[in-house]
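Here the structure is laid out as structure tokens; the discussion comes afterwards.
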């Protein structure tokens, strides 16, 4: 099976803009989780979607949002970008088990 | 709240030497523990999970609930083992869906 894919791989934005990142899970996986990875904070959980419903959310401000479509593809959106939002954003998909399979990530740079 | 601690940020060994990457966790229930590995310029990938009790690429990890540890071990390190290793925890429960709690990671370097 094809692995988790994320687009775009790299993004450069300026403060105040908004951005949308996309994730396509492994075929048949219905759960999609998102993580933010930074050198200082490491890997932090953003949220998880299953069958188009957000089931879990991490401790991030409301500027971070997401959604999932009926084909399990997911998007996350960050509005009013701040310099501190510069990070690698990882998406992971999972079947019913806890094992998560990660995508390559989207590198977001906020100038 | 659950927490995962990897006390060593960097670990260097020579090829053929034993290696142990430490992981301690805090969680009062029954967690599921994982080791993920990230090789240079590759995506994060699952190395092993405690519930399967497998040995992957010569690595093993035993869950010690008394000491709340899940250390990763390999008797003879190889140069291709050089990578970043993350210990991660998940747990059953309504608020845990899809959430892995990661340690800060340990960079393992195996010298020739």
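Chains as they are written, first to last, in my numbering: chain A, 529 to 639; chain B, -15 to 96. Glycine included, every Cβ here is placed at the ideal spot set by N, Cα and C.
{"Check": "Kindly identify the DSSP beta-bridge partner or partners of residue 90(B).", "Outcome": "69(B)"}
{"Check": "Can you check whether the CB of residue 19(B) is closer than 8 Å to the CB of residue 32(B)?", "Outcome": "yes"}
{"Check": "Which residues in chain A sit within 7 Å of residue 33(B), going by Cβ to Cβ distance?", "Outcome": "627"}
{"Check": "Do you know how far the Cα of residue 581(A) is from the Cα of residue 602(A)?", "Outcome": "11 Å"}
{"Check": "For residue 96(B), which residues from the same chain have a beta carbon less than 7 Å from its beta carbon, with the 5 sequence-adjacent residues on both sides left out?", "Outcome": "-1 and 63"}
{"Check": "Find the residues of chain B that neighbour residue 583(A), judging by a C-beta separation of less than 7 Å, and give them in chain order.", "Outcome": "81 and 82"}
{"Check": "Hey, out of 91(B), 84(B) and 94(B), whose CA is closest to residue -13(B)'s CA?", "Outcome": "84(B)"}
{"Check": "From the beta carbon of residue 630(A), is the nearest beta carbon of chain B less than 8 Å away?", "Outcome": "yes"}
{"Check": "For the region 592 to 618 of chain A, list every residue whose C-beta sits within 8 Å of some C-beta in chain B, in sequence order.", "Outcome": "618"}
{"Check": "I need the DSSP call for residue -5(B), collapsed to helix, strand or coil.", "Outcome": "strand"}
{"Check": "Quick one: what's got a C-beta closer than 8 Å to residue 546(A)'s C-beta in the same chain, skipping five residues either side?", "Outcome": "605, 606, 607, 608 and 609"}
{"Check": "Which same chain residues end up closer than 7 Å to residue 533(A) when comparing Cβ atoms and leaving out the 5 residues on each side of it in sequence?", "Outcome": "552 and 631"}
{"Check": "Is there a Cβ of chain A sitting closer than 8 Å to that of residue 30(B), yes or no?", "Outcome": "yes"}
{"Check": "Determine the burial state of residue 46(B): buried for a count of at least 16 other Cβ atoms within 10 Å of its Cβ, exposed for fewer.", "Outcome": "exposed"}
{"Check": "Under 8 Å, do residue 75(B) and residue 578(A) count as touching if we go by C-beta distance?", "Outcome": "no"}
{"Check": "Assign residue 629(A) to one of two classes, buried (16 or more other C-beta atoms within 10 Å of its C-beta) or exposed (fewer than that).", "Outcome": "buried"}
{"Check": "Measure how close the beta-carbons of residue 72(B) and residue 86(B) come, nearest whole angstrom, since I'm counting them as under 8 Å.", "Outcome": "5 Å"}
{"Check": "Could you spell out where the beta strand (DSSP E) holding residue 8(B) opens and where it closes?", "Outcome": "8 to 10"}
{"Check": "Within 10 angstroms of its Cβ, does residue 90(B) collect 16 or more other Cβ (buried), or is it exposed?", "Outcome": "buried"}
{"Check": "Mark residue 530(A) as exposed unless 16 or more other C-beta atoms lie within 10 angstroms of its C-beta, in which case mark it buried.", "Outcome": "exposed"}
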